[in-house]
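> Sharing a structure, written as C-alpha cells. Questions coming.
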Amino acid sequence: MVRFANIVRPTGSGTVIYYLSLGSNLAPTEHIARALRELSERYGTVLVLPIVRTQPCAINSNNGFLNTIAVISSDESSTALKSWLNRLEMEHGRDRSDPQRSHKDRTLDIDILLGQESFDFTVAESSHEYFNEPYVQASIQALQNSAHNTIDIVLPGASVALGHRAATIDFEHTSGNIFICENSLDTLLDRFEATLDRQQGFA
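Here you go:
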C-alpha cells in the first residue's frame, strides 16, 4: 500500500513528490547504479540519500543489501508510478510472479514510501510513520553521521561516484551524460526545490 502525508495532492492531480526506497542484494552495486540512472532519465532531477550497506531483513540470506532513498517529482498517479517501478524491477531480473519474492534475494526492490503535494524533507528526518524500516532509517541516519556503512558507486555514464553523502542526479538527454552533485543537505534541498519550481513554472 502507498501511504501519503496529509498534504498530498489526490493521485493523478498535479505534481507529487515521491520518496522511494531502493534495495538490492544480488549484484547490488550494478543494479542500484542502473536504477538511479533510469529514475533520472524518466523523472529528471533525483535527490539521493547516502547508499548504505545493511543486513537482510525478514529474509534468510547471507547476501548483504545496499539501500538508499531517492526523491523524485512526477505528475503520475501512485498507481502509474508503482506499475512502472514494477516493470523496472522485472527488467533488472526480479520475478514478481513469485509469491515468495518478498522473502528471497532480489536484484532490485523499489517501494513508494510517501507522496507529498509540497516538498517538505523534514518528514524524512522526523516521521517514523512513513520511514520506519531499519534499512530506510539507516540511509536517513547516515545523513547526520559519518557512517561507516556507506558506499560509493558509479552510475553508467557518470564521471564521479556518489553514495557517502546526499547528492542530486541529473540526466542530460542531449548528451546522455549523468551529472552528480554532492553537497551539504541544505544546499541540495535548495537545489532540488529550485528545480521543482522551474518544472512547475514558478521561477
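Counting in this note's numbering, the sequence shown runs from 631 upward without gaps. By construction, the Cβ of each residue, glycine as well, lies at the ideal position given by its N, Cα and C atoms. For clarity, every value in this text was computed on a predicted model and none was experimentally measured.
(1) If ARG683 and GLY674 are in contact, beta carbons under 8 Å, what's the gap, nearest whole angstrom?
(2) Spatial neighbours of ARG628 within its chain, please: CB distance less than 8 Å, with the 5 preceding and 5 following residues excluded, ordered by chain position.
(3) Taking the alpha carbon of LEU650 as the reference point, which residue from PHE809, LEU744, LEU696 has its own alpha carbon closest?
(4) Buried or exposed: where does ARG828 fall if 16 or more other Cβ atoms within 10 Å of its Cβ makes it buried?
(5) How long is the line joining the alpha carbons of GLN730 and SER654, rounded to whole angstroms?
(6) Could you pull the start and end residues of the beta strand (DSSP E) that ARG752 belongs to?
(7) In whole angstroms, give me the CA-to-CA distance for ASP739 and ALA796.
(8) Helix, strand or coil for THR659, going by three-state DSSP, please let me know.
(9) Who are the Cβ neighbours of GLY723 in its own chain at under 6 Å, not counting the five residues just before and after it?
(10) I'd like the span of the beta strand (DSSP E) that includes HIS654, first residue to last.
(11) Per DSSP, which residues does GLU802 bridge with? Please list them.
(12) Should the stretch 666–673 be called in touch with the stretch 798–808, which here means at least 3 C-beta pairs below 8 Å?
So, from the data block:
(1) Rounded, the Cβ-Cβ distance is 28 Å, inconsistent with contact.
(2) Residue 628 cannot be examined here, being either before or after the span of the chain that is shown, 631 to 833.
(3) LEU744
(4) exposed
(5) 16 Å
(6) It is worth fixing the name first, because residue 752 is Thr in this sequence and not Arg. Where THR752 is concerned, there is no enclosing beta strand (DSSP E), although the alpha helix (DSSP H) it sits in stretches over 752–756.
(7) 20 Å
(8) helix
(9) THR737
(10) Note on residue identity: the sequence assigns Ser, not His, to residue 654. From DSSP, the beta strand (DSSP E) with SER654 extends over 646–654.
(11) ASN807
(12) yes
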